[in-house]
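In full-length UniProt numbering, the protein residues as written are 1 to 252.
Even for Gly, the Cβ is constructed at its ideal location relative to N, Cα and C.
In this text the structure is predicted, and so the values were computed from the model without any measurement.
This is the structure:
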């Protein structure tokens, strides 16, 4: 274990990179907070709704944002001392704009995050296989099913069930868009002169307990907690996903 006194962590990621699995693993330890997309939308009104807060109850936007961050901090800690946050790069700019409202002045993004949440471990969770990532995104959008529980039941459905259909243009479009989201994180890491903890989707998928133990160790928590945690989600990729991959590669 390290001696770094991290009080929070941010999973910097993009869609279909395994963040739901990693968040579920960390939450199941009952020691590493309740990581989730606590600032998912790029809308202040959506944030207020998410925390059952009303704009009319606050004299200014700053007061409203302060209440939101207080509620998010409580939710993200759960019953632990560590705050966990999943952050998609598409939501990050709005998040930082609101944080600057609370913490004005000349400081870097990392310094501002540290002032808000304490010493923070930044974790970059990425999926280098962009084609598989894009296929996963297209299938989720088409079928409406985004995640399954480990027992095969549905965990997250955002639309009524529909049959998936091969769409090379959509796959290509998502490959470009997902790549841009990942590159945005890399530019930010470089700008902040910061090297995050890096986690590869494939490593997480193959041995989730080992990756979980590594994160716990980085947070100065007992890595042996990982051994009693079972993966909460199941992979959605199947033979159809492989067929789409083969077809896309053969036609490219």
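Would you check if the distance between the CB atom of residue i and the CB atom of residue j is smaller than 8 Å?
i, j, result
"residue 161", "residue 144", "yes"
"residue 22", "residue 10", "no"
"residue 231", "residue 150", "yes"
"residue 245", "residue 133", "no"
"residue 65", "residue 101", "yes"
"residue 81", "residue 126", "no"
"residue 136", "residue 237", "yes"
"residue 203", "residue 215", "no"
"residue 112", "residue 131", "no"
"residue 192", "residue 108", "yes"
"residue 117", "residue 8", "yes"
"residue 141", "residue 147", "no"
Could you name the residues of the same chain whose beta carbon sits closer than 6 Å to that of residue i, not counting the 5 residues immediately before and after it, in chain order?
i, result
"residue 76", "33, 34, 38, 83, 84 and 85"
By Cβ distance, which residues of its chain are closer than 7 Å to residue i, with the 5 residues on each side in sequence left out?
i, result
"residue 196", "12, 122, 123, 124 and 189"
"residue 240", "164"
"residue 48", "54, 55, 64 and 68"
Looking at C-alpha atoms only, which residue of the options is the closest neighbour of residue i?
i, options, result
"residue 18", "72, 70 and 129", "129"
"residue 199", "93, 209 and 114", "209"
"residue 44", "187, 224 and 69", "69"
"residue 233", "205, 242, 248 and 251", "205"
"residue 28", "235, 249 and 229", "229"
"residue 166", "59, 249 and 6", "249"
For residue i, count the other beta carbons within 10 Å of its own beta carbon; 16 or more makes it buried, fewer makes it exposed. Which is it?
i, result
"residue 30", "exposed"
"residue 158", "exposed"
"residue 119", "exposed"
"residue 153", "exposed"
"residue 169", "exposed"
"residue 93", "exposed"
"residue 176", "exposed"
"residue 180", "exposed"
Looking only at its own chain, which residues have a Cβ that is under 8 Å from the Cβ of residue i, when we skip the five neighbours before and after it?
i, result
"residue 194", "110 and 122"
"residue 51", "67, 68, 71, 72 and 75"
"residue 91", "37, 39, 40, 41 and 42"
"residue 24", "231, 232 and 233"
Does the beta carbon of residue i sit closer than 8 Å to a beta carbon anywhere in chain D?
i, result
"residue 212", "Among the chains of the structure shown, chain D does not appear; only one protein chain is present."
Go through the segment 75–121 residue by residue and report every complete run of the alpha helix (DSSP H) that reaches 4 residues or more, in order.
Taking only runs of at least 4 residues, the alpha helix (DSSP H) segments lying wholly in the segment 75–121 are 89–102 and 109–117.
Which whole runs of the alpha helix (DSSP H) in the segment 123–207 are 4 residues long or more, in chain order?
Inside the segment 123–207, DSSP marks whole alpha helix (DSSP H) runs of 4 or more residues at positions 130–143, 168–191 and 201–206, from first to last along the chain.
Scan the segment 5–54 and note each continuous beta strand (DSSP E) run of 3 residues or more that stays entirely inside, going in chain order.
List check, beta strand (DSSP E) in window: 8–13.
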